[in-house]
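Chemist:
There are 4 protein chains.
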Amino acid sequence: MAERLKYGQVGGDLKALIGECHRKALGMEPRAELVCGCFSAIDELNDECAEAYHVDPSRVYYDTEEMAKAEEGKIDFVAICTPNFVHYSAAKVFLEHGINVMCEKPLTLTIEEAEDLQRIAKEKDLVFAVDYCYSGYVMPKVMKQMIARGDIGDIISVNADYMEGCFLPLLSETEQVNSRIWRTDPKYSGVSNTCADDGTHVEHLVNYVTGLKVKRLLATSDTFGKKLDLNDNIILEYDNGAHGAYWFSQVLCGSPNEINLRIYGTKGALEWHQTKPDELLFSQAGKATQVLYRSGDGIDVPAAGLARMPLGHPEGYYLSIANVYRSFVSTILKRKAGETPTEEDLDFPTVDDGVSGVKFFHAVVESAKNDSKWVELD
Amino acid sequence: MAERLKYGQVGGDLKALIGECHRKALGMEPRAELVCGCFSAIDELNDECAEAYHVDPSRVYYDTEEMAKAEEGKIDFVAICTPNFVHYSAAKVFLEHGINVMCEKPLTLTIEEAEDLQRIAKEKDLVFAVDYCYSGYVMPKVMKQMIARGDIGDIISVNADYMEGCFLPLLSETEQVNSRIWRTDPKYSGVSNTCADDGTHVEHLVNYVTGLKVKRLLATSDTFGKKLDLNDNIILEYDNGAHGAYWFSQVLCGSPNEINLRIYGTKGALEWHQTKPDELLFSQAGKATQVLYRSGDGIDVPAAGLARMPLGHPEGYYLSIANVYRSFVSTILKRKAGETPTEEDLDFPTVDDGVSGVKFFHAVVESAKNDSKWVELD
Amino acid sequence: MAERLKYGQVGGDLKALIGECHRKALGMEPRAELVCGCFSAIDELNDECAEAYHVDPSRVYYDTEEMAKAEEGKIDFVAICTPNFVHYSAAKVFLEHGINVMCEKPLTLTIEEAEDLQRIAKEKDLVFAVDYCYSGYVMPKVMKQMIARGDIGDIISVNADYMEGCFLPLLSETEQVNSRIWRTDPKYSGVSNTCADDGTHVEHLVNYVTGLKVKRLLATSDTFGKKLDLNDNIILEYDNGAHGAYWFSQVLCGSPNEINLRIYGTKGALEWHQTKPDELLFSQAGKATQVLYRSGDGIDVPAAGLARMPLGHPEGYYLSIANVYRSFVSTILKRKAGETPTEEDLDFPTVDDGVSGVKFFHAVVESAKNDSKWVELD
Amino acid sequence: MAERLKYGQVGGDLKALIGECHRKALGMEPRAELVCGCFSAIDELNDECAEAYHVDPSRVYYDTEEMAKAEEGKIDFVAICTPNFVHYSAAKVFLEHGINVMCEKPLTLTIEEAEDLQRIAKEKDLVFAVDYCYSGYVMPKVMKQMIARGDIGDIISVNADYMEGCFLPLLSETEQVNSRIWRTDPKYSGVSNTCADDGTHVEHLVNYVTGLKVKRLLATSDTFGKKLDLNDNIILEYDNGAHGAYWFSQVLCGSPNEINLRIYGTKGALEWHQTKPDELLFSQAGKATQVLYRSGDGIDVPAAGLARMPLGHPEGYYLSIANVYRSFVSTILKRKAGETPTEEDLDFPTVDDGVSGVKFFHAVVESAKNDSKWVELD
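Line by line, the protein sequences are chains D, P, U and X.
Numbering of the first sequence is given in the numbering used here, commencing with residue 1 and proceeding in unit increments.
Numbering of the second sequence is given in the numbering used here, commencing with residue 1001 and proceeding in unit increments.
Numbering of the third sequence is given in the numbering used here, commencing with residue 2001 and proceeding in unit increments.
Numbering of the fourth sequence is given in the numbering used here, commencing with residue 3001 and proceeding in unit increments.
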């Protein structure tokens, strides 16, 4: 019988969007099994989730530290799906008990916390993934490989948006509404809301797909009288000298959680929209634009093989996370078996990407506060 | 601990598209657990699949009848994912051992076989679902409820396509290629290829969404020198007197497995495209066309509540099947608990829909053979 | 100074959609000048239009026959933009006075009338164009040339729609409304409404683009209790044995006057939508679908040269008519100069195409009346 | 007989894109007639154009000043379609001879020149229009009126692009190519290429549609080793405190001259794409997004009446210019008749808008040169 990893989950009760996503994604992964959890700080929600997922009551925990201690040596990894401000402490305790970690983004609220996790993971030689799930879709992987082999030449301009409208109602509220506090009150969310929560996805995605590093950036942030940023405009300079522009907003009426990615090079261009994740527009100088469908004709990079279904069968959001887990699980299995993970196994965002994201949103906040002056990133 | 259904699978080894889809769909369903199977007629593939999914070797079978017998009383349902010509015998034996059935479409090769399964399921009072998965997407359910309450008035015209290109290479082959035999050789596939395999999806979907029954139809079928239909054009008359047109084809270059559904009424219209399953265009007389996004604003029918994620998070194909299973599993659980399933629990395609599909493709074949004369459906 | 053709117009006062379109199209044609007209049967509307377009009052006519007689030898062509039932008598009288004709479609109400015009035009050796304007767009010309040189191989399936909603309000009226009488009362519109008015555009367009002739067809027509067809479904067999399906409707809520054209061959496919006339989807077996933009890269047929603007500058509906006129005017100028018109000059729909359209809608009506039996076309 | 304005044209021979556009646009305007011109600095091209458009040889000029002098009192307006660096001198001389002016954009190369024209036009009380044609399309006018009456509330974020690829080949050239010199060599084009030529369209369009004024902006400009900007990223602060981002580029592979305009308010949003000028996406808080088609249902502002054709008949680029002329001509006619032009008559971009554009691109250049510091606009 094939080896099956055991995992626990922290946070993410039945009502929590992202916790459920992790369970669904791993539900499609026969090589991993949910065996324990601390799904909510509210006991009832914790128990409810455990029962729905058939977790043995003896392995349902009401305290993260207790769970880490009790499960040391018994689980192969933990999935951390808590509110952002809990990521650091939760991830840290599992690392300290020698347990591999999959953590939601943004990694932490502060750069110090992020670097601390990075340091511990390295010291303990543990696998630490951060769920920047959008790079888990097949088509960004196709883009990455096409760009890497030179299909669009040298990159000369990047434009990317993360657009949604979830906080538009906030603008007409006179008081902060409780349920949103962990996102928009600095006490819980740290220095940034929109840029930390959505913008880091874009920061990672562009870096993943293009290989470009941000050298410096400048930004404006709009709070509309609330405590944290809800609409950010950013201009970036990459390490190759090219410029890009990002727009992150959570107050855009009618916008269905769009990520729009447009990348232009000296020889071609690629355009991808997260709401149609299976399509990719590919232009080459002197040729007609091509519509690349996942699993369709005209894709000749290895990432094409990562598709799970024939074209015309939409893969969807859960699979973006499932793909991150596919590599993560493969890597842990290989390490357990004493084998060396392949490049494909290692194709998931790591704690280093998490650190990069935390630095990114801090730079955005710093520039916005400093009348949009350039802020260097290391 | 919540009740968890046990199920087995027949057919659908690791390489089989649809068998894997069922496992992924049920992987997202914590209320059901795969415990046994006969995944392939080829022993190696059978074992490989069983091991990957951690099925106990003692419950891996090499014969369907043996499995049905051994698992009688032990499993709650079986998922039949074999080639089409095996559906009948496999479904029959499980029914006879008192086991509920989820069967792939088309239900059977002949009307007699289909009606036989219908009869047995009724006699035995078993739950029998047919996986017309496209009606499992949320937006067709939204359409159904909008139409039922009169949002578009009386239906006056229907237009629907199922377009793909998988068999285009066949046109330039001089000999039948082996791997496709079960789809295109009448010995294995029965009287129809394209209409049976793809067309029945559309027949079901239109019926599901509109409530209309086909009164009569006429058709042309193109075989392009091969043994079975590869391109079908059909005109239909529904029981309310309206006409519709369907086009099913598997030789369309570049087509990414599209289902396009356009339904027009006296007061409005609805348009849906399977490759963008989360969107729906809704027109009302005298008003601008609305773009309804799954989980987005402007949807006020109960089916909106069936969405699993916020808008902008594409749900994808696996979830269409998972949604069929959600209702199917709920129904079985309620029956086991002595409760009455709700309308929502019963919202999955049944053996009656399966029979209807088999009659449909037989009518198409009959008309096409008879110089496109009208053929009545009962 | 370059030769400038003089022309007159019959029908098409300032309020008339199509008459205005002709004047705008010819306004963009410096080689032709409006010098006379009989713009309306209502004197006031006639005078109003003449004044707006600076037509000399001495050349404004209140009777078509009088105009033809007076302008014989003075104008090079006449543009006939009257209601359909006047086309025949108006065209005939100008032909008889030796004047070239541009006539709106459908050419006439009956086959006899159409063939009479065809005969006279031939006898008098006059240029007779019919304004099937959609084939005037650049992209259908590109399609025609791509198909002619074999880019998509042999055609195996055609699907085309003409969809609009202008008559949907009619369905809820108890009495026929006056203003629409000439379209929907057989006394004025002949045997067909929707198929004659919209369907003939599609019949011409498919023939123009593919070169295929309709061998036979069968149809249903829906009148919804009114006097003429408002929704037609048609299956066709072409002279190469392939089948196609057309759908013409004027009762489709929300539809913005769409013509959708999808043509599939053994080696490729082309898809065009009239509401986005500058785009064309081109698929080839084994390659990604290409988006061809008018004036964009990747179009290497001569028709590309017919574009008037760089890509991204939408050419629009007036230019489709202006393009028909461009060839028509070139042909007349060449003939006047004793030169032989080129193939490009002759690239406009003729009286032969007009006759073909009239036969087409008669065949549709005949099949629909005869329980959808096949009707042969010669 | 209705009054008909006489006009002359400067620049814009038969090969020149924009000069031809003006003639086509005015070809659709029966209230104006081309009577004289100086179409090119190259005599042959000048004569060729004059002949094609039947301009009397006695009114064909080989010098702008000579033309202005000779035509004083004989023409009602002049259309200036020369390369940008000639706009100033040409416009000035016609103004000085008391002739109304329609001038291409950008108005001039320097702010001083622009303000000089503004001053003279005011002193002479002449009508001076600038052809920012994109605000001539119907849908931006619809947007303007919807926003003005509060349909989307207070504007909180703006995002706009002007994307094309015409200069991408320049990046791989080692020497400046002659034919492009007047666009990319500062000697002829002034301080800016892309921002002056394309960006000013966006600057005007956003201002026109929203009523917002730019308070300050910061920018990066990329020259890629050439002499002028080819790719500009800009962040703006408007007078209401909101921020926006613009992206102008002429080196984007595959981009078909897109202008994408996305405007978000506290109560709704509007999205428009120039390549599909007849469509507009309209979102309102709590409702589904609506697709507004020009001439379609759901548009209830007066600008809807400016459409020339029913929906589904694409209006295209020439009509955007024709619409600018429609108002411009109406205004001149009213003034000649001693009447007061209406608001609709005056709905065309003026010399004030032209001045604003020149200031805008100077601010962009200044910021880009000054390490992206904020630059205030008055």
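Where a beta carbon is used, it is the ideal one built from N, C-alpha and C, also for glycine.
(1) Are there 16 or more other CB atoms within 10 angstroms of the CB of Arg1119/P, so buried, or fewer, so exposed?
(2) Val3209/X to Ala1288/P, Cα distance in whole Å?
(3) Compare the C-alpha of Asp2197/U against each of Phe2360/U, Glu2044/U, Ala2148/U and Leu2270/U and name the closest.
(4) Quick check: the Cα distance between Pro3256/X and Met1102/P, rounded to an integer number of angstroms?
(5) Closer than 7 Å by beta-carbon distance: list the chain P residues that pair up with Thr275/D, in chain order.
(6) Could you check if Lys2187/U is buried or exposed, using at least 16 other CB atoms within 10 Å of its CB as the buried criterion?
(7) Report yes or no: is there a C-beta of chain D within less than 8 Å of the C-beta of His3204/X?
(8) Please confirm if Gln2118/U has its CB atom under 8 Å from at least one CB of chain P.
(9) When the cut-off is 8 Å and only beta carbons count, does Thr1266/P lie next to chain X?
(10) Tell me, please, whether the segment 3043-3060 of chain X touches the segment 3116-3130 of chain X by the rule of three or more beta-carbon pairs shorter than 8 Å.
(11) Would you kindly report the start and end of the unbroken beta strand (DSSP E) that includes Met1163/P?
(12) Could you name each continuous beta strand (DSSP E) segment of 3 residues or more that falls completely within the segment 1015-1077 of chain P, going from the start of the chain to the end?
(13) Listing by chain order, which chain P residues have their CB less than 9 Å from the CB of Leu17/D?
(14) Going by DSSP, what residue range makes up the alpha helix (DSSP H) through Lys112/D?
(15) Tell me which residues share the same chain as Cys1133/P and place their Cβ nearer than 7 Å to its Cβ, disregarding the 5 neighbours each side in the sequence.
(16) Give me the Cα-Cα distance between Ser1249/P and Gly2136/U, rounded to the nearest whole angstrom.
(17) Beta carbon of Ser1157/P, beta carbon of Leu2218/U: below 8 Å?
(18) Restricting to runs no shorter than 3 residues, where is the beta strand (DSSP E) found entirely within the segment 2244-2282 of chain U?
(19) Applying a beta-carbon distance threshold of less than 8 Å, which residues of chain P neighbour Arg4/D?
(20) Check whether chain U comes within 8 Å of Val1351/P, counting only Cβ atoms and requiring the distance to be less than that.
(21) Taking any Cβ of chain U, which residues in the segment 3284-3301 of chain X have a Cβ under 7 Å from it, in chain order?
(22) What are the partner residues of Thr220/D, as DSSP defines its beta bridges?
(23) Which class does Tyr3208/X belong to by DSSP, given the choice of helix, strand or coil?
(24) If you draw a straight line from the C-alpha of Asp300/D to the C-alpha of Leu2292/U, how long is it?
(25) What does Ala2269/U touch in chain P if you count any residue whose Cβ is under 7 Å from its own?
(26) Which chain X residues sit within Cβ distance under 7 Å of Asn193/D?
(27) Can you give the Cα-Cα distance for Met2028/U and Met3028/X, rounded to whole angstroms?
(28) According to DSSP, is Gly1357/P part of a helix, a strand, or is it coil?
(29) Closest Cβ-Cβ distance between Leu3171/X and chain D: below 8 Å?
(30) Under a three-way DSSP split, which group does Lys2141/U fall into?
(31) Given this structure, state the Cα-to-Cα distance separating Tyr1053/P from Ala25/D, to the nearest angstrom.
(32) At what residue ranges does the segment 3309-3344 of chain X contain a whole run of the beta strand (DSSP E), taking only runs of 3 or more?
(33) At 8 Å on the CB atoms, spell out the chain D contacts of Glu3374/X, in chain order.
(34) Locate the beta strand (DSSP E) running through Phe3348/X, then write down its first and last residues.
(35) Can you pull out the residues from the segment 3229-3242 of chain X whose beta carbon lies closer than 7 Å to at least one beta carbon of chain D?
(36) Using only alpha-carbon positions, find the residue among His1097/P, Phe1282/P and Thr1174/P that is nearest to Tyr1264/P.
Modeler: Let me lay it out:
(1) Looking up residue 1119/P in the second sequence gives position 119. That one is exposed.
(2) The residue given as residue 3209/X occupies position 209 in the fourth sequence. The residue given as residue 1288/P occupies position 288 in the second sequence. Approximately 21 Å, taken between the alpha carbons.
(3) Here residue 2197/U refers to the residue found at position 197 of the third sequence. Ranking the options by Cα distance to Asp2197/U, first place goes to Phe2360/U.
(4) Locating residue 3256/X in the fourth sequence gives position 256, where the first residue counts as 1. Locating residue 1102/P in the second sequence gives position 102, where the first residue counts as 1. Their backbone Cα atoms lie some 50 Å apart in a straight line.
(5) For the purposes of this step, residue 275/D is taken as residue 275 along the first sequence, with counting starting at 1. The contacting residues are Gly1312 and Pro1314.
(6) In the third sequence, residue 2187/U corresponds to position 187, counting from 1. Lys2187/U comes out exposed.
(7) As a working note, residue 3204/X is residue 204 in the fourth sequence. Answer no: the Cβ-Cβ gap between His3204/X and chain D never drops below 8 Å.
(8) As a working mapping, residue 2118/U is identified with position 118 in the third sequence. By this cut-off, Gln2118/U is not an interface position.
(9) The residue you call residue 1266/P lines up with position 266 of the second sequence. Cβ-Cβ to chain X under 8 Å: no for Thr1266/P.
(10) no
(11) Stepping through the second sequence from its first residue, residue 1163/P is reached at position 163. Segment Ile1155 to Met1163, the beta strand (DSSP E) holding Met1163/P.
(12) 1032-1038
(13) Sequence index remark: in the first sequence, residue 17/D carries index 17 (1-based). Going along chain P in sequence order, the residues near Leu17/D (Cβ under 9 Å) are Met1309, Pro1310 and His1313.
(14) The sequence position of residue 112/D within the first sequence is 112, counting from 1. Looking at the sequence itself, residue 112/D is Glu, so the reference to Lys does not match. From DSSP, the alpha helix (DSSP H) with Glu112/D extends over Ile111 to Lys124.
(15) Locating residue 1133/P in the second sequence gives position 133, counting from the first residue. Ser1320, Ile1321 and Val1324.
(16) Start at 1 with the first residue of the second sequence, and residue 1249/P comes out as number 249. Start at 1 with the first residue of the third sequence, and residue 2136/U comes out as number 136. Looking at the two C-alpha atoms, the distance is approximately 30 Å.
(17) The residue you call residue 1157/P lines up with position 157 of the second sequence. The residue you call residue 2218/U lines up with position 218 of the third sequence. No, they are not a contact pair.
(18) 2258-2265 and 2268-2273
(19) Indexing the first sequence from 1 puts residue 4/D at position 4. Neighbours of Arg4/D on chain P, chain order: His1054.
(20) As a first step, residue 1351/P must be located in the second sequence, where it is residue number 351. No, because no Cβ of chain U sits closer than 8 Å to the Cβ of Val1351/P.
(21) Tyr3293 and Gly3296
(22) Working through the first sequence from its first residue, we reach residue 220/D at position 220. Partner(s): Asn233/D.
(23) Along the fourth sequence, read from residue 1 onward, the residue named residue 3208/X stands at position 208. Residue state, collapsed to three classes: helix.
(24) On the first sequence, position 300 is the one that residue 300/D refers to. On the third sequence, position 292 is the one that residue 2292/U refers to. Roughly 22 Å between the two C-alpha positions.
(25) Translated into positions along the third sequence, residue 2269/U becomes position 269. Under the 7 Å cutoff, chain P gives Leu1252, Cys1253 and Gly1254.
(26) Within the first sequence, numbered from 1, the residue matching residue 193/D stands at position 193. Ordered by position in chain X, no residue passes the 7 Å Cβ test against Asn193/D, which lies about 15 Å from the chain.
(27) Position 28 of the third sequence holds residue 2028/U. Position 28 of the fourth sequence holds residue 3028/X. Approximately 7 Å, taken between the alpha carbons.
(28) As a position in the second sequence, residue 1357/P is number 357, starting the count at 1. DSSP places Gly1357/P in helix when its eight states are reduced to three.
(29) Translated into the one-based positions of the fourth sequence, residue 3171/X becomes position 171. So yes, Leu3171/X belongs to the interface.
(30) Locating residue 2141/U in the third sequence gives position 141, where the first residue counts as 1. Correct three-state label for Lys2141/U: helix.
(31) Start at 1 with the first residue of the second sequence, and residue 1053/P comes out as number 53. Start at 1 with the first residue of the first sequence, and residue 25/D comes out as number 25. The alpha-carbon atoms of Tyr1053/P and Ala25/D are separated by roughly 15 Å.
(32) none
(33) Translated into the one-based positions of the fourth sequence, residue 3374/X becomes position 374. Per the sequence shown, residue 3374/X should be read as Trp rather than Glu. Per Cβ cutoff of 8 Å: Asp371 and Ser372.
(34) Here residue 3348/X refers to the residue found at position 348 when the fourth sequence is read from its first residue. Unbroken run through Phe3348/X: none, as it is neither H nor E.
(35) Asn3231, Asn3233 and Ile3235
(36) Translated into positions along the second sequence, residue 1264/P becomes position 264. When each option's Cα is compared against that of Tyr1264/P, the closest is Phe1282/P.
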